[in-house]
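Enquirer: In my numbering, the protein residues as written are 19 to 220.
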Amino acid sequence: MPIQKPALSEHPINTLINDRWSPRAFNSKTVENTTLMSLFEAARWAASCNNSQPWRFIIAKSEDKDAHDNAISCFNERNQRWVKNAPVIGFVCAYKLMPNEKPNRTYFYDTGMAMAHFSLQALEHNLYLHQAGGILIDKIIADYSIPADVDVVCGFGLGYQGEAAILPDELAERELEPRKRNSITEFTFSNSFGESSNIFKK
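(1) Only counting runs of 3 or more residues, tell me where the beta strand (DSSP E) segments fall wholly within the segment 81 to 168, in order along the chain.
(2) Look at the alpha carbon of Phe205 and the alpha carbon of Ile217, and state the distance between them as a whole number of angstroms.
(3) Look at the Cβ atom of Ala60, then the Cβ atom of Phe136, and state whether they are nearer than 7 angstroms.
(4) Which class does Arg62 belong to by DSSP, given the choice of helix, strand or coil?
(5) Please confirm if Gly152 has its CB atom under 7 angstroms from at least one CB of chain E.
(6) Which runs of the alpha helix (DSSP H) at least 4 residues long sit entirely within the segment 166 to 199? Give them in chain order.
(7) Classify Pro72 as buried or exposed, calling it buried when 16 or more other Cβ atoms lie within 10 Å of its own Cβ.
(8) Please report how far the alpha carbon of Leu57 lies from the alpha carbon of Glu50, in whole angstroms.
(9) Checking 7 angstroms against the spacing of the C-beta atoms, do Arg197 and Lys23 come in under that value?
(10) Could you pull the start and end residues of the beta strand (DSSP E) that Ile202 belongs to?
(11) Pick helix, strand or coil for Phe44, following the three-state DSSP scheme.
(12) For Asn32 and Arg38, I'd like the C-alpha separation in whole angstroms.
(13) Helix, strand or coil for Ser56, going by three-state DSSP, please let me know.
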């Protein structure tokens, strides 16, 4: 059975945000291309500085075994343990420059916005996303001919939820742990950085 891990929210939030989490257990069910395009359409409409849209994606599906195996090999060994089960594996990249060749200070931020859209749209289709920084960036750059003006941001596995039992014991335990987040008062300030805002103090 899919694991339900709703957020233990202290205030009302959108249902998709409430239900989004990052499982590592995926089953082998194919993600149809029409469904995948819906996720990229959501990413397409994310906000970005001067509408620069710096995000770029590299995708490998399990139906293409060679491409899928190569994508797996671009994760570190720790992450290969779970990403190998994801029917869709991807890498998120971002242009560092604006179209006018000037530096884009917000390219990472903007790309994160696109991924937030992508992950929430995934839930509309009962798909889950696990993003990972544990990737072999130099190998990705070489294997996929990434230009010098593009950064590799992260990797991800995408698919329908599988059973925690398919994971190594350590990861299976983590799959079942409750979700945790810092209190709002720990990251919202007013008069000085680090001084909690009175707005949110109880």
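The C-beta atom is built at its ideal place from N, Cα and C for all residues, glycine as well.
Expert: Inspection of the coordinates gives the following:
(1) 106 to 113, 146 to 150
(2) 12 angstroms
(3) yes
(4) helix
(5) No chain E appears in the structure shown, which is made up of a single protein chain.
(6) 187 to 194
(7) buried
(8) 11 angstroms
(9) yes
(10) Run containing Ile202: none; DSSP gives neither H nor E here.
(11) strand
(12) 10 angstroms
(13) helix
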